[in-house]
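Going by this note's numbering, the sequence shown opens with residue 4, and the numbers climb by one from there.
Each residue gets a CB set at the ideal place from its N, CA and C atoms; glycine is no exception.
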Amino acid sequence: MIKDNSGQVSLEYMLIFVISLIILIVFTMPMVNQSMKTTLDVSDSLKIKSDLSKIASAINTVYGEGQGSRQTVNIYLTHSIKVNIESNYVLCKITLKDKSNKNIKVPCKSNLKSSSITLKKGKNSVVVEWPVGSDNMFVSV
């Protein structure tokens, strides 16, 4: 009679494979979680920079066209942000997933006075206007 121990060997290989897989998952899951947070932060930053670029472009256009010009920009946001507007830049401060802050700054050229606007979650219409007879432009939501 021949003894066959191949069943026990297969069971041992499966056990070693399962334990190796569990160890691999335990060490890689935190890294995957961190990389997903970083990816989402980069995506949010690029989206907000794109929106600020739209506002800066509208400001540059109105400044270039002079008094009596007006431009409206529609922006869709996933959360509310506060935008600071100066004569030479548009700035937004965002909070990242690790609770640190990042300033996103887009240059523009205008005669705007320092102001800030709050853009709410959802659709926002930003109006950049330079009224006839006025020395300064203004931005409103």
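DSSP places Lys108 inside the beta strand (DSSP E), whose first and last residues are Asn104 to Pro110. Pairing Asp101 with Lys124, the inter-Cα distance amounts to about 21 Å.
By DSSP's assignment, Gln37 forms no beta bridge with any residue. Counting only runs of 3+ residues, the beta strand (DSSP E) found wholly inside the region 52 to 81 occupies 72 to 80, in chain order.
Residue state for Ser90 is assigned as coil, using DSSP reduced to three classes. For the 7 Å CB-CB criterion, Val86 and Trp133 do not form a contact.
A Cβ-Cβ separation of about 6 Å places Leu99 in contact with Lys105 under the 8 Å criterion. Between Val135 and Gln37, the C-beta spacing is not below 7 Å.
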